[in-house]
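Chemist:
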Amino acid sequence: MPTTIRIALLAGVLALLSNLVVLGFIQWRTHDEAVSAQRRQVVEQGAVLADIYRTGGMRALGDGVEDTLAYGDPQTAVGIFNASGREITGNLAAMPRTKGPIRTGYQSALIRFQQQTAPREAAIVAMRLPRGEWLISGRTVGYGLALRDTLERSLLIALLGAVLLGLAGGVIIAQYVGRRVGRIVAVTDRISATDLTRRIPLSGSSDAFDRLSRQINEMLDRISALMEELRMVTDSIAHDLRSPVSRLQSAAHAAAETSDATERDQQLTSVVRQADSLMRILTTVLEISRSEALTSRSQFAWFDVGELGAELSEMYEPVAEEAGTILKFDRPGSPAELFGHRQLIAQAISNLIENAVRYAGQGGEILVRVGRHSGQLEIAVADHGPGIPAERREEALRRFGRLDSSRSEEGAGLGLALATAIAHLHDGKLRLDDNRPGLLATLDLPISRRSAGA
Amino acid sequence: MGRKILLVEDDRETAAYLAKGLGQEGHSVERATNGQDGLFQATDGTFDLIILDRMLPVLDGISVLKALRAAKVETPVLVLSALASVGDRIEGLESGSDDYLVKPFSFAELLARVNALLRRREARLDPADHRISVGDLEIDPLSRIVRRSGKKLELKPREYLLLEYFARNEGRVVTRTMLLEQVWDYHFDPGTNVIDVHVSRLRRKLEDGFDKPLLHTVRGAGYMLAA
Chain H
1 MPTTIRIALL AGVLALLSNL VVLGFIQWRT HDEAVSAQRR QVVEQGAVLA
51 DIYRTGGMRA LGDGVEDTLA YGDPQTAVGI FNASGREITG NLAAMPRTKG
101 PIRTGYQSAL IRFQQQTAPR EAAIVAMRLP RGEWLISGRT VGYGLALRDT
151 LERSLLIALL GAVLLGLAGG VIIAQYVGRR VGRIVAVTDR ISATDLTRRI
201 PLSGSSDAFD RLSRQINEML DRISALMEEL RMVTDSIAHD LRSPVSRLQS
251 AAHAAAETSD ATERDQQLTS VVRQADSLMR ILTTVLEISR SEALTSRSQF
301 AWFDVGELGA ELSEMYEPVA EEAGTILKFD RPGSPAELFG HRQLIAQAIS
351 NLIENAVRYA GQGGEILVRV GRHSGQLEIA VADHGPGIPA ERREEALRRF
401 GRLDSSRSEE GAGLGLALAT AIAHLHDGKL RLDDNRPGLL ATLDLPISRR
451 SAGA
Chain G
455 MGRKILLVED DRETAAYLAK GLGQEGHSVE RATNGQDGLF QATDGTFDLI
505 ILDRMLPVLD GISVLKALRA AKVETPVLVL SALASVGDRI EGLESGSDDY
555 LVKPFSFAEL LARVNALLRR REARLDPADH RISVGDLEID PLSRIVRRSG
605 KKLELKPREY LLLEYFARNE GRVVTRTMLL EQVWDYHFDP GTNVIDVHVS
655 RLRRKLEDGF DKPLLHTVRG AGYMLAA
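Protein sequence lines, in the order shown, are assigned to chains H and G. Letter 223 of the first sequence, counting from 1, is numbered 223 in the numbering used here, and no numbers are missing. Letter 220 of the second sequence, counting from 1, is numbered 674 in the numbering used here, and no numbers are missing.
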């Protein structure tokens, strides 16, 4: 069944249901109204007659009954009966029949008018007079019945009209919805046909369709950005792998061409080293993308960064010594707990230390420090090497944004970029400052912004 | 001392290469080319080691591993994977594997790890007395005291851990990555020769003043402690 017809039918059914509810309500209310109006009239008429009796006695009451009947209302029933149930005056043929014995006050009863044979339903007020007579005053039920009939008939006609209108409205709504959705579909169709630059036009009313369209547009923006980044990464990988691959190639060629066994061994060792370095570059690029995609957040846990810093300093201390520098670790006074990825933070710190060892130079000193600052952890690695001039620091943090082409040989151009990506994974950042002289690299990490959610 | 190894690997070339190499080492190798067959064969439980590729048709390696561990099959498992990020390695280890090796790898690296895992199984099956000795070197894991020819050697805590790991794999090649993972518990690839520096420091303490070398460099693979 096409959606248009389904929506139209749904609208029709809804119109029918809502009208039935309204109709039922009117029916119930008008019935109630009629009953209470009748009761009021009956009680009032009884009270008037009682008053007449109180002020003028039996004589006046007889006149009052005559007067009441003189209006000629066919529903009015009045009568005075003696103690044995015979009518003294009025228009009734007999005492009203009630459920159980008749009692004073308002009640319903069956009455019979004079010259009529069929009893009729009525609401009456009965009053016992001092000498045992009964004053009966009431009205037959049925007043307003005709009115209600008309009302009901017109309501039924209205109901039919409402259902028809509902169906028509449904068709119109379905067509409108179809048109709006159609526009979105048209754009997504074109996007599937590889035109990723298209966006769904907004009507400006910020209704549900606009919200949907905006959501889709935002999603498209994100996809475009990711595609762009991917293209950039692929380009730069292709570009940056070119030189190590060609070095590998020439080493392999040289090994194949030499006849001297010792020399060939040397060449092959070089081939293996070049291949290793290529693998390392690829792994690091992968690690950066993984960190940027935030996939490893599920492996976050609490750990002591102070302890990790101490461990890594101890690990790199001999390496620094071989390179002719001294590596010192400044341990924080209290545990420096962080909610994060221990392995990746370890890798970021070791990248910074390796960088420092590589550039600190003979006789220099490297200081590794872990500290806390108002909800932030600071992991700083400072060296006294040549440093990076202020205007080139941003470039140094970028992927493949290395400052000197010789660094690419060891894939070191990626070290700072990876540290930056790992900092981002932890909602932090990597800062580069002047250590006067040398480079001061600081990882600023918020201690647990994500701890609750992760 | 040939062992029964199950190799679950869908890439024919890799599988043939590994099976040949392991066969030459005296092991008998059975092969499965998808996860489901691998799981079926592995639940036999008669293997000494399972080498499991992570990306497999029908049922991936991690699922096979989880199913095995859930079925209480405790055969050591070495996972091979092209997924090299630290997060992937941690995930691989946490899902119940005993070791994780990233592709591409050298056969020497694989063999070293296979031997270490088989040795660990042996050690688990018959708990040797707690003292370890390699030639004239004696290690007491309880007091962490190391003597060579009766002379006490002063080792830093990490140097001791390094030596103990070497000693537990006496006569077997241990690679740099294995040392980094097992002794330091880091699962990334350091850019520098940090492991070599530590090994050469340890070697100096072990061998200075003695004639016989103990800690050997195995070219293209790693190191080996042997008398």
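We treat Cβ as the ideally placed atom computed from N, Cα and C, and that holds for glycine. All of these numbers come straight from a predicted model, not from anything done at the bench.
Just verifying my parser: in three-state terms, what is the DSSP assignment at H/I172?
Modeler: H/I172: helix per DSSP, three-state reduction.
Chemist: Tell me which residues share the same chain as G/K659 and place their Cβ nearer than 6 angstroms to its Cβ, disregarding the 5 neighbours each side in the sequence.
Modeler: Only L607 meet the Cβ criterion.
Chemist: What are the residues that DSSP puts in a beta bridge with H/I469?
Modeler: With chain H running from 1 to 454 in the structure shown, residue 469 of chain H is simply not present.
Chemist: Could you work out which residue in H/I5, H/N91, H/S36 and H/W134 is closest to H/R103 when comparing CA atoms only?
Modeler: Here the closest residue by C-alpha is H/W134.
Chemist: Any contact of the stretch 480-493 of chain G with the stretch 456-464 of chain G, i.e. 3+ C-beta pairs under 8 angstroms?
Modeler: Segments in contact, yes.
Chemist: Buried or exposed: which applies to G/L579, given that a residue is buried once 16 or more other Cβ atoms fall within 10 Å of its Cβ?
Modeler: Per-residue confidence for G/L579 stands at a pLDDT of 49, beneath the threshold of 50, marking its modelled position as unreliable; the derived number appears in the next sentence. Label assigned to G/L579: exposed.
Chemist: Which of the residues in the stretch 331-356 of chain H, read from start to end, lie with their CB under 7 angstroms from any CB of chain G?
Modeler: Within the stretch 331-356 of chain H, the residues whose Cβ lies closer than 7 angstroms to some Cβ of chain G are Q343, L344, A346, Q347, S350 and E354, listed in chain order.
Chemist: Just the Cα atoms here: how many angstroms apart are H/G309 and H/F303?
Modeler: Answer to the nearest angstrom: the Cα atoms are 11 angstroms apart.
Chemist: If I measure Cβ to Cβ from H/P119 and keep anything under 6 angstroms in the same chain, skipping five residues before and after, which residues do I get?
Modeler: Cβ within range, chain order: L110 and R112.
Chemist: Output the distance between the C-alpha atoms of G/V651 and H/A323, rounded to the nearest integer angstrom.
Modeler: Straight-line Cα distance between these residues: approximately 11 angstroms.
Chemist: Please go through the same chain and pick out, in chain order, the residues whose beta-carbon is closer than 7 angstroms to the beta-carbon of H/A251, but skip the five residues on each side of it.
Modeler: Same-chain partners within the cutoff: Q267, S270, V271 and Q274.
Chemist: Assign H/A396 to one of two classes, buried (16 or more other C-beta atoms within 10 Å of its C-beta) or exposed (fewer than that).
Modeler: Buried, because 16 or more other Cβ atoms sit within 10 Å of the Cβ of H/A396.
Chemist: May I have a chain-ordered list of the beta strand (DSSP E) segments no shorter than 3 residues that lie completely inside the stretch 622-675 of chain G?
Modeler: If we require 3 residues or more, the beta strand (DSSP E) runs fully inside the stretch 622-675 of chain G come out as 669-672.
Chemist: Could you give the distance in angstroms between the alpha-carbon of G/L532 and the alpha-carbon of H/G385?
Modeler: Cα-Cα distance, rounded: 43 angstroms.
Chemist: What does a CB cutoff of less than 7 angstroms around G/P667 pick up in its chain, not counting 5 residues either side in sequence?
Modeler: Here the set comprises E661.
Chemist: Closer than 9 angstroms by beta-carbon distance: list the chain H residues that pair up with G/I544, in chain order.
Modeler: Chain H residues near G/I544: S296, Q299, H341 and Q343.
Chemist: At a Cβ threshold of 9 angstroms, is H/P318 touching chain G?
Modeler: Cβ-Cβ to chain G under 9 angstroms: yes for H/P318.
Chemist: Using 9 angstroms as the limit for Cβ to Cβ distance, is G/V648 near chain H?
Modeler: Yes, its Cβ sits closer than 9 angstroms to a Cβ of chain H.
Chemist: Inspect the CB distances between the stretch 518-533 of chain G and the stretch 502-510 of chain G and report whether three or more fall short of 8 angstroms.
Modeler: The stretch 518-533 of chain G is in contact with the stretch 502-510 of chain G.
Chemist: Given that G/A538 touches chain H, what residues does it touch there, using C-beta distances under 9 angstroms?
Modeler: Those are M279, L282, T283, L286 and E287, listed as they occur along chain H.
Chemist: For the pair the stretch 323-337 of chain H and the stretch 517-528 of chain G, tell me if three or more CB-CB distances fall below 8 angstroms.
Modeler: In short, these stretches do not touch, since the Cβ pair count stays below three.
Chemist: Scan the stretch 479-512 of chain G and note each continuous alpha helix (DSSP H) run of 4 residues or more that stays entirely inside, going in chain order.
Modeler: List check, alpha helix (DSSP H) in window: 489-496.
Chemist: Taking 8 angstroms as the threshold, find out whether the stretch 556-564 of chain G comes into contact with the stretch 622-639 of chain G through three or more Cβ pairs.
Modeler: Yes, the stretch 556-564 of chain G touches the stretch 622-639 of chain G.
Chemist: Out of G/L669, G/L472, G/G546 and G/F559, point me to the one whose CA is closest to G/G515's CA.
Modeler: That would be G/G546, whose Cα lies nearest to the Cα of G/G515.
Chemist: Taking C-beta pairs closer than 8 angstroms, name the residues in chain H that G/R612 reaches, listed in chain order.
Modeler: Those within 8 angstroms of G/R612 in chain H are E314 and M315.
Chemist: Taking only beta-carbon positions, decide if H/E229 is within less than 9 angstroms of chain G.
Modeler: No, its Cβ sits nowhere closer than 9 angstroms to a Cβ of chain G.
Chemist: So which of G/A621, G/A473, G/P511 and G/Y614 has the shortest CA-CA distance to G/T487?
Modeler: Ranking G/A621, G/A473, G/P511 and G/Y614 by Cα distance to G/T487 puts G/P511 first.
Chemist: Between the C-alpha atoms of H/S108 and H/G46, what's the straight-line distance to the nearest angstrom?
Modeler: Cα-Cα distance, rounded: 14 angstroms.
Chemist: Within its chain, find whatever has a CB closer than 7 angstroms to the CB of H/S405; leave out the 5 residues flanking it on each side and keep chain order.
Modeler: Low confidence applies here, because H/S405 scores a pLDDT of 45, under 50, leaving its location unreliable and the question unanswered by this model.
Chemist: Hey, is H/G306's beta-carbon within less than 9 angstroms of any beta-carbon in chain G?
Modeler: So no, H/G306 is outside the interface.
Chemist: Return the CA-CA distance between H/R369 and H/A255, expressed in angstroms with no decimal places.
Modeler: If I take the Cα positions, the gap works out to 46 angstroms.
Chemist: Cα separation between G/N647 and H/E354?
Modeler: Taking the straight line from one Cα to the other gives about 10 angstroms.
Chemist: Output needed for H/L155: all residues of its chain with C-beta closer than 6 angstroms, excluding positions within five of it in sequence on either side, in chain order.
Modeler: For H/L155, where only same-chain residues beyond five positions count, the Cβ hits under 6 angstroms are L23.
Chemist: Does DSSP put H/V381 in a helix, in a strand, or in coil?
Modeler: In this structure, H/V381 counts as strand in the three-state DSSP scheme.
Chemist: Can you tell me whether H/E287 is buried or exposed, with buried defined as 16 or more other CB within 10 angstroms of its CB?
Modeler: Result: buried.
Chemist: Just to make sure I have the definition right: I need the residues of chain H whose C-beta is within less than 7 angstroms of the C-beta of G/D643. Which are they?
Modeler: Under the 7 angstroms cutoff, chain H gives R280 and T283.
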